[in-house]
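Undergrad: Chains P and V are the protein sequences, given in the same order.
Just so you know, we're using my numbering here: the first sequence kicks off at 1 and counts up by one.
Just so you know, we're using my numbering here: the second sequence kicks off at 1001 and counts up by one.
No residue lacks a Cβ here, since even glycine has one placed at the ideal position from N, Cα and C.
Here the structure is a predicted model, which is why all the values come from computation and not from measurement.
Here it is, the structure in full.
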Amino acid sequence: MSTAVIRTWRTVRSSRAATIGLAIVAVHVVVALLAPLLTSYAPTVGDSSLALLGPGADHWAGTDQYGRDVLTRVLYGGRYALGVSAAATLLTVALGTVLGCAAALRGGRLDDALMRVLDAVLSVPSILALLVIVTALGSGPWVIVLAIAVVYVPQVTRVVRGAALAVVPADYVTAARARGEGIWPILRREVLPNITDVVCVEFAMRASWVVLLISSLSFLGFGANPPTPDWGLMVAENRTAITVVPMAGLAPIIALATLVVGLNLAADGLSKAWGVDRIREGS
Amino acid sequence: MEPIVSVAGLGVAYRSGGADIPVVADVSAEVHPGQTLALVGESGSGKSTVAATLLGHLRHGSRITAGTVRVDGKDVFALSARELRRLRGGTVAMVAQNAGHALTPSMRIGKQIAEALRDKAAGRASSSAAVLELLEQVRLPRPDELARRYPHELSGGQQQRVAIAMAIAARPRVLVLDEPTTGLDVVTQRGVLDLIGALRAELGLAAVLVSHDLGVVAHMADQVTVLRAGRVVESAPTRRLFAAPAEPYTRRLLASVPRLTDEGLALVGEDGSREIRPRAVLPADAPEAVAVRDVTIDYGSTRAVHGVSFQVRRGEILALVGESGSGKSTLAWSLAGLRAPSGGTMTHEAGDLTRPSRRRAPSLRRKIQLVFQNADTSLNPRRSVGDAVRRPLRFFGTAATRPEAAARARQLIADVRLDPDLADRLPAQLSGGQRQRIGIARALAGEPDVLIADEITTALDVSVQAEVLRLLDDLRRERRLACLFISHDLAVVRGIADRVIVLRDGVVVEEGPTEEVFAAPSHAYTRGLMAAALAPEPGELSPTLPLRPEGRGGTPAFP
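Shown next as structure tokens:
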């Protein structure tokens, strides 16, 4: 196992884009975790006498309409987006991987039926589906995680199924079948190790979409509830005052943009680095 | 006469970790117009690398370190990009090993050939006429219909013919043939070789043939250059090389090739001497391991196997012989529980074999094990080879604990004559022969009494093939394995099998003890198969029986 970790690490290091992307993501995670140590202000308590201040020595990014420190709220704001995104992406990719592999391995009617059902889900616009689910079930973080899984699992399943279909005809899978192994051990032992690259790239790419989607939901008022510090929500709250204190709206946007760029860089770099590795292994 | 191709002191190396690693060193060769040079060697000998330099092609990351390659008087590696394109389009053409991969799957055959013709033919009408003419020239039936088909609608032999048509479209003067018939069965191979021979004469082509198959080389080449690890071992006219090889390596290589006349497995000495090991004597009371009766197997509405019956006894090797599509692999997969037969019975003393493997009792499942043709894909590239052997040990419960499984796996790896320390390696770090042995070790882990060997030596070099065959022969003696040996190579079958079944379109056409079948084949199809096999002895290709008109698969040529 350790050799695999070392190999992965070397792959990541060999790609500058992946290194930078993962570093950006890591900074975001660390900042979100250590937010209380980085700022002395509380994210939800404001002083109305200090409302709508521009950037200054006390408040580096200024304050919003309730007099809350914008920088503090941006630092804390990653917690909700990152936490929910991580949970949602994990669930989506895990479900999609299992479904995709199972469809590729079993083939036949199960594959056909599953794919048609997923096609049906795919044909519903994602934000619409999300809004319907959230309106029906409320906007707790777990509902959002579930809703995102419903929206994105079909896409992950399609990608993973495609990758698994390339592995399934290989003789080592046939050998496992001839031994009479069950579908789960075949999936875990024979198929999954050979498509980890696809799954990892899918994870990184999906994460950037999920972050955006969750922030959009918050922006529309269906995600985090005020006064929770959250980037999407902050953009919504401060957009009316954008001409007065542009920083209050810009700061969460910058935070969100850097996170998404980081995730995209990581996805891009990883897929390229793994592609090169494939070629090297092949020759 | 001036040679049309001359390679002088060629060296090719690629860079890895800051050092130059030579692939080819000091290789020289010449080909005169109308002549055929064969580059012979085992995998990794650099033969394909040398052949590709004739087209000015080098694998990514490698470069010329010494020497020159001249084609038609021009130094290939001094040409500008434009001149090089003209060289590839007009003077030299290549036919690659796997035509199925060389053809664009989404383009009709006619259009692909027309594309190769683009520079030559003017106007649409004349180009489509030229396409048909080319298809006729490569002896494809009904060219006008064939031109409208897609590559996947053609058989392997037909695809190779189309690739040849594309290669000769530009009227080249030199043809580079990189393993043109590897992967085709004997009968198809024979057809493609006949075609190449005829075209060479018709068009006065010089050819460079890359091959590991000494039988093919003996019949096609005028001059043979034997390569080993990137260096020339020996270069001589074909007759002299086969009659009196000067180097021990060449002698060993020649001696490793199984022949139709061998009455047992050949043991090859260091100096290339051959000693035929007598076949194992099967005790008269050997128990029956598997009995197959009137088995039919269907793929949808097409029937692949029509009522086949046979039985294999413990310690016996039964060969299933036939061309591709004869149903021999289908039968093997069915026995292994991967495809349920649609009729008939298959029984083993431990139970019924008509059920798919998941519904068989584990004690029955492990008794019948499969070894695959392609050792490259039969092992999971992400798992160590030790893991590949340990898994069935644990799965079938033949080893109770992890340490025991590890110890047993090492023992099994030693049993297939490999160093047990290889257990920690990944498949990519092993050679083809080593991987095939691991495949056998994995099959043995279930302690089977029936081993199904599906073309296990087809993809291997001759010397490695001889070793794997000997291992298989040893194992069946030691473990009294009943072995179903599937092959299209009759020379290999002759050496190892006790009995032979010849399959054609899913029907048994001939069955009997190996000696009898080979001494007096009773069916015309068997005789045709034997005539299509090429012995490593120089000589013109004797005219063979047309086994079936190509492109009309399924129409029996014999009643």
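With 9 Å as the C-beta to C-beta threshold (strictly closer), list the residues of the segment 173 to 189 of chain P near chain V in chain order.
TA: Going along the segment 173 to 189 of chain P in chain order, one finds V173, T174, A175, A176, R177, A178, R179, G180, E181, G182, P185, R189 with a Cβ nearer than 9 Å to chain V.
Undergrad: Report the three-state DSSP secondary structure of V:M1346 (helix, strand or coil).
TA: Along the second sequence, read from residue 1 onward, the residue named residue 1346 of chain V stands at position 346. Here V:M1346 sits in strand by DSSP.
Undergrad: Give the residues of chain V in contact with P:D171, contact being defined as C-beta atoms less than 7 Å apart.
TA: Walking along the first sequence from the start, residue 171 of chain P turns up at place 171. Those within 7 Å of P:D171 in chain V are F1372, N1374, T1377, S1378.
Undergrad: Which residue or residues does DSSP assign as beta-bridge partners of V:D1352?
TA: In the second sequence, counting from the first residue as 1, residue 1352 of chain V sits at position 352. In the DSSP output, where bridge partners are listed per residue, V:D1352 has V:T1347.
Undergrad: Could you name the residues of the segment 1380 to 1411 of chain V whose beta carbon sits closer than 8 Å to any beta carbon of chain P, in the order they occur along the chain?
TA: So the close ones are N1380, P1381, R1382, R1383, A1388, R1391, P1392, F1395, F1396.
Undergrad: Given V:S1463, which residues of its chain have a CB within under 8 Å of its CB, disregarding the five upstream and five downstream residues?
TA: As a first step, residue 1463 of chain V must be located in the second sequence, where it is residue number 463. E1042, R1252, L1253, S1256, V1268.
Undergrad: Which residues in the same chain have their Cβ closer than 7 Å to the Cβ of P:L95, if we skip the five residues on either side of it in sequence?
TA: Against the first sequence, residue 95 of chain P aligns to sequence position 95. Here the set comprises A149, V153.
Undergrad: Quick check on V:M1094: does DSSP put it in helix, strand or coil?
TA: Residue mapping note: residue 1094 of chain V aligns to position 94 of the second sequence, counting from 1. Three-state DSSP puts V:M1094 in a strand.
Undergrad: Quick one: list the residues of chain V neighbouring P:P193, beta-carbon separation under 9 Å, in chain order.
TA: For the purposes of this step, residue 193 of chain P is taken as the residue at position 193 of the first sequence. Within chain V, the residues near P:P193 are N1380, P1381, R1382, R1383.
Undergrad: I need the boundaries of the alpha helix (DSSP H) containing V:I1164, first residue and last residue.
TA: Locating residue 1164 of chain V in the second sequence gives position 164, where the first residue counts as 1. 1156 to 1169 is the span of the alpha helix (DSSP H), which, as asked, contains V:I1164.
Undergrad: Run down chain P in chain order and give the residues with a C-beta less than 8 Å from the C-beta of V:G1337.
TA: The residue you call residue 1337 of chain V lines up with position 337 of the second sequence. Simply A178, G180.
Undergrad: Any beta-carbon of chain P closer than 7 Å to the one on V:S1357?
TA: Residue numbering aside, residue 1357 of chain V sits at position 357 when the second sequence is read from its first letter. V:S1357 counts as touching chain P.
Undergrad: Are the Cβ atoms of V:K1328 and V:L1503 separated by less than 7 Å?
TA: Position 328 of the second sequence, counted from the start, is the residue given in the question as residue 1328 of chain V. Position 503 of the second sequence, counted from the start, is the residue given in the question as residue 1503 of chain V. A contact, by the Cβ cut-off of 7 Å.
Undergrad: According to the Cβ coordinates, are V:A1029 and V:T1238 closer than 7 Å?
TA: Mapped onto the second sequence, residue 1029 of chain V falls at position 29. Mapped onto the second sequence, residue 1238 of chain V falls at position 238. Contact flag unset, no.
Undergrad: Identify, in the order they occur along the chain, each residue of the same chain with its Cβ nearer than 7 Å to the Cβ of V:R1149, setting aside the five sequence neighbours on each side.
TA: Here the question's residue 1149 of chain V lines up with position 149 in the second sequence. Hits under 7 Å: R1108, I1109.
Undergrad: Rounded to whole angstroms, what is the Cα-Cα separation between V:G1551 and V:P1143?
TA: Here residue 1551 of chain V refers to the residue found at position 551 of the second sequence. Here residue 1143 of chain V refers to the residue found at position 143 of the second sequence. Caution applies to V:G1551, whose pLDDT of 41 falls short of 50 and renders its modelled position unreliable; the model cannot decide the point.
Undergrad: For V:A1066 and V:A1025, I'd like the C-alpha separation in whole angstroms.
TA: If you number the second sequence from 1, residue 1066 of chain V lands on position 66. If you number the second sequence from 1, residue 1025 of chain V lands on position 25. Taking the straight line from one Cα to the other gives about 8 Å.
Undergrad: How many angstroms separate the CA atom of P:S14 from the CA atom of P:V121?
TA: The count along the first sequence starts at 1 and reaches residue 14 of chain P at position 14. The count along the first sequence starts at 1 and reaches residue 121 of chain P at position 121. About 38 Å.
Undergrad: Classify V:V1012 as buried or exposed, calling it buried when 16 or more other Cβ atoms lie within 10 Å of its own Cβ.
TA: As a working note, residue 1012 of chain V is residue 12 in the second sequence. By the 10 Å Cβ count, V:V1012 comes out buried.
Undergrad: Is the segment 1368 to 1378 of chain V in contact with the segment 1442 to 1459 of chain V, if contact means three or more CB pairs nearer than 8 Å?
TA: Because the criterion of three Cβ pairs below 8 Å is met, the segment 1368 to 1378 of chain V and the segment 1442 to 1459 of chain V touch.
Undergrad: With burial defined as no fewer than 16 other Cβ atoms inside 10 Å of the residue's Cβ, what is the status of V:H1101: buried or exposed?
TA: As a working mapping, residue 1101 of chain V is identified with position 101 in the second sequence. Label assigned to V:H1101: exposed.
Undergrad: Pull up the distance between the alpha-carbon of P:V284 and that of P:A176, whole angstroms please.
TA: Outside the displayed span of chain P (1 to 283) sits residue 284 of chain P, for which this structure offers no information.
Undergrad: Quick check on P:P246: does DSSP put it in helix, strand or coil?
TA: Within the first sequence, the letter at position 246 stands for residue 246 of chain P. Here P:P246 sits in helix by DSSP.
Undergrad: Grouping DSSP H, G and I as helix and E and B as strand, with all else coil, what is P:H59?
TA: Against the first sequence, residue 59 of chain P aligns to sequence position 59. P:H59 falls in the coil class under three-state DSSP.
Undergrad: Relative to the C-alpha of V:G1046, which candidate in V:I1021, V:G1034, V:T1377 has its C-alpha closest?
TA: For the purposes of this step, residue 1046 of chain V is identified with residue 46 of the second sequence, where counting begins at 1. Measuring from the Cα of V:G1046, the nearest candidate turns out to be V:I1021.
Undergrad: Taking the DSSP output, what are the residues bridged to V:R1303?
TA: Walking along the second sequence from the start, residue 1303 of chain V turns up at place 303. The partner list for V:R1303 (beta bridge, DSSP) reads V:D1298.
Undergrad: V:L1545 to V:R1383, Cα distance in whole Å?
TA: Translated into the one-based positions of the second sequence, residue 1545 of chain V becomes position 545. Translated into the one-based positions of the second sequence, residue 1383 of chain V becomes position 383. At V:L1545, the pLDDT of 46 sits below 50, so the modelled position is not reliable and the matter cannot be decided from this model.
Undergrad: My guess is that V:V1174 and V:V1092 are in contact by the Cβ rule of under 8 Å, so how many angstroms apart are they, rounded?
TA: Here the question's residue 1174 of chain V lines up with position 174 in the second sequence. Here the question's residue 1092 of chain V lines up with position 92 in the second sequence. Correct: roughly 5 Å between the Cβ atoms.
Undergrad: Residues in the segment 1049 to 1067 of chain V with C-beta within 7 Å of chain P's C-beta atoms, listed in sequence order?
TA: Per Cβ criterion, the list is empty.
Undergrad: Between the Cα of V:A1291 and those of V:T1377, V:T1345, V:Q1137, spot the shortest distance and give me the residue it belongs to.
TA: Here the question's residue 1291 of chain V lines up with position 291 in the second sequence. Checked all of V:T1377, V:T1345, V:Q1137; the closest Cα to V:A1291 is V:T1345.
Undergrad: Give a yes or no on whether the minimum CB-CB distance between V:R1365 and chain P is below 7 Å.
TA: Locating residue 1365 of chain V in the second sequence gives position 365, where the first residue counts as 1. Interface residue, yes.
Undergrad: Thinking just about the alpha-carbon of each residue, which of V:P1513, V:V1385, V:A1459, V:L1184 is nearest to the one in V:L1430?
TA: If you number the second sequence from 1, residue 1430 of chain V lands on position 430. Per the Cα distances, V:V1385.
Undergrad: So, with DSSP's three-state summary, where would you put V:G1046?
TA: As a working note, residue 1046 of chain V is residue 46 in the second sequence. In the structure shown, V:G1046 sits in coil (DSSP, three-state: anything other than H, G, I, E or B).
Undergrad: When we look at the beta-carbon of V:G1432 and count the other beta-carbons within 10 Å, is it buried (16 or more) or exposed?
TA: Stepping through the second sequence from its first residue, residue 1432 of chain V is reached at position 432. That one is buried.
Undergrad: Less than 7 Å between the C-beta atoms of V:R1096 and V:D1178, yes or no?
TA: Indexing the second sequence from 1 puts residue 1096 of chain V at position 96. Indexing the second sequence from 1 puts residue 1178 of chain V at position 178. Per the sequence presented here, residue 1096 of chain V reads as Ala, with Arg not at that position. It is a contact, given that the beta carbons lie within the stated cut-off.
Undergrad: Can you tell me whether V:V1138 is helix, strand or coil according to DSSP?
TA: For this step, residue 1138 of chain V is matched to residue 138 along the second sequence. It is coil, neither helix nor strand.
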